[in-house]
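At position 26 of the sequence shown (counting the first as 1) the number is 26 in UniProt numbering, and the numbers step up by one without a gap.
C-beta: ideal position from N, C-alpha, C; glycine also.
Quick caveat: nothing in here was measured; it's all calculated off a predicted structure.
See below for the structure under consideration.
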Amino acid sequence: MAALNQLMSFSRASCRLSSLTKAWRVPPQMSAGALGSVRHVSELVELPETHEMLRKTCRDFAEAELQPHAAAFDKQGKVPQETVKAMGDLGLLALATPEDYGGTGMDYLAYAVAMEEISRGCASAGVIMSVNNSLYIGPIQTFGSEKQKHDFIAPFTNGDQVGCFALSEPGNGSDAGAASTTAKVDGSNYILNGTKAWITNGFESKATVVFATTDKAKKHKGISAFIVPKPSEDAGRIGIAGQALGIAQAAFDCAIDYAGKRMAFNAPILKMQTIQQKIADMAVRIESARLLTYKAAALKDAGKPFGKGLLVLVSSKGAITLAYDTRNAGHGSWYETRNTITHRLPTFLLC
């Protein structure tokens with residue numbers, strides 16, 4: 001398993017895009033041969049018409065959909081998925097990638113022109129575009145097998161999903177030779193062990209190009225690149241939410257049982273209004289977490305995105321709050337270590 005400490009997140013949020021974001025694709029004539037006989041940048045008096053068309057399209061999109069929201073994107077620490085999808089529809093996430101692999105099939109001059117205009121509108125959107133084009137797709141396009149190209153480039157060109165590049169680590173930046181992440185052969189597989197940091201697109205990416213040491217004796221020549229799919233993180237969050245939900249339900253059951261048996265003023269404390277209010281609050285928290293967990297699981301089965309962060313927050317925080325409320329409602333006897341709720345509290349805190 002690759003322990004990837006992904007510290008940069010550009011997660012999903014809502015943002016309605018204008019008609020500029022219709023599925024514009026580069027026309028066939030805008031190909032890698034658009035420069036004709038031009039051999040050096042110094043020979044360029046002006047950009048080819050096709051590249052000027054691309055510049056105008058990118059500038060219009062940036063001025064309408066990026067620049068007005070750039071400050072908000074940076075403050076939130078994320079670029080909305082709808083915006084990333086619009087960039088994919090414009091063909092901007094795989095500009096220099098052949099059409100055979102789902103790319104736009106243009107050249108690197110076109111890529112530079114588009115990067116300039118998008119970054120002019122929003123630097124964060126420009127970074128997402130750059131990482132997907134160059135750092136993620138680039139190594140696979142250059143060194144990957146045909147199967148890897150079709151499996152890990154084609155699905156990452158239209159904005160539905162993005163990739164990321166994991167080289168930097170907490171103890172070093174771009175010095176690949178100093179990487180402490182290792183990869184060891186395990187039968188027909190590799191086991192990656194280490195921590196990566198400052199990974200643009202990290203949380204939202206569906207695959208990662210990870211660099212790890214396979215032979216320390218060779219130093220920087222013993223570094224290998226691995227394509228690591230990320231299909232299981234969402235399911236793991238659902239599992240954590242289900243765990244918190246089950247523990248919370250157990251605590252609630254204990255609360256009902258105890259409140260029905262403990263007597264005060266010749267009546268079960270369950271008949272007291274304050275206890276009934278606490279019980280009702282607990283029931284609402286549990287049912288809310290249950291509905292959110294089940295909805296997330298259904299969306300996962302349908303292959304659709306869901307708010308995994310909200311899911312874990314609601315389920316775990318609700319479980320912890322419920323445990324403390326239940327223990328406090330039980331007064332002194334529930335502080336004993338043999339009590340079910342007291343025993344479960346450390347497990348709650350792990351959720």
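Asked	Found
Environment of residue 353 [buried if 16+ CB atoms lie within 10 Å]	Residue 353 cannot be examined here, being either before or after the span of the chain that is shown, 1 to 351.
Beta-carbon proximity list for Ala114, same chain, < 8 Å, skipping 5 on both sides	Leu54, Arg55, Cys58, Leu92, Leu95 and Met129
DSSP-derived helix/strand/coil call for Cys164	strand
Per DSSP, the bridge partner or partners of Asn172	Glu169
Simplified DSSP assignment, three categories, for Lys295	helix
Status (buried if at least 16 other CB within 10 Å, exposed otherwise) for Ala296	buried
Per-residue burial, Asn132 [other beta carbons within 10 Å of its own, 16 or more giving buried]	buried
Cutoff 6 Å; reference Lys184; Cβ partners in own chain excluding five residues on either side	Ile191
Environment of His220 [buried if 16+ CB atoms lie within 10 Å]	exposed
Exposure label - Pro68; buried when at least 16 CB within 10 Å	exposed
Secondary structure of Pro28, DSSP reduced to three states	In this prediction, Pro28 scores a pLDDT of 42, lower than 50, which makes its location untrustworthy; no coordinate-derived value is stated.
Opening and closing residue of the beta strand (DSSP E) in which Tyr111 lies	Per DSSP, Tyr111 belongs to no beta strand (DSSP E); it is in the alpha helix (DSSP H), Tyr108 to Gly121.
Presumed contact (8 Å Cβ cut-off) between Cys122 and Ala62, rounded CB distance	7 Å
Thr97 beta carbon less than 9 Å from that of Ala105	Per the sequence presented here, residue 105 reads as Gly, with Ala not at that position. Their beta carbons are under 9 Å apart, which means Gly105 touches Thr97 by this criterion.
Among Arg262, Glu204, Glu46 and Pro229, the one whose alpha carbon lies nearest that of Val210	Pro229
Beta-bridge pairing of Asn193 - partner residues as DSSP gives them	Thr182
Nonlocal neighbours in the same chain, by C-beta distance under 7 Å from Phe73, ignoring five residues either side	Val79, Cys122 and Ser124
Where the beta strand (DSSP E) through Val228 begins and ends	Ile223 to Pro229
Phe265 in three-state terms, based on DSSP	coil
Within 9 Å, strictly: CB atoms of Leu167 and Lys206	no
Cβ separation of Ala212 and Ala179, assumed to be a contact under 8 Å, to the nearest whole Å	7 Å
Own chain, CB closer than 8 Å to Phe143, minus 5 neighbours either side, in chain order	Ala225
8 Å contact criterion, which Gly159 and Lys85 should meet: CB distance rounded	4 Å
Inter-residue Cα distance where the pair is residue 358 and Ser119	Residue 358 lies beyond the range of the chain shown here (1 to 351); nothing can be said about it.
Strand pairing of Ala244, partner residues [DSSP]	Ala244 pairs with nothing; no bridge assigned.
Distance, Gly77 Cα to Ala70 Cα	10 Å
Phe203 - DSSP class collapsed to helix/strand/coil	coil
Bridge partners - Val209, DSSP secondary structure assignment	Phe165 and Ile227
Classification of Arg39 by the beta-carbon crowding that lies within 10 angstroms, buried from 16 upward	Note that Arg39 has pLDDT 40, beneath the 50 cutoff, so the model's placement of it is unreliable and the number below is only indicative. Result: exposed.
Close Cβ partners of Ala110 (< 6 Å) along its chain, the five nearest in sequence each way excluded	His51, Leu54 and Leu95
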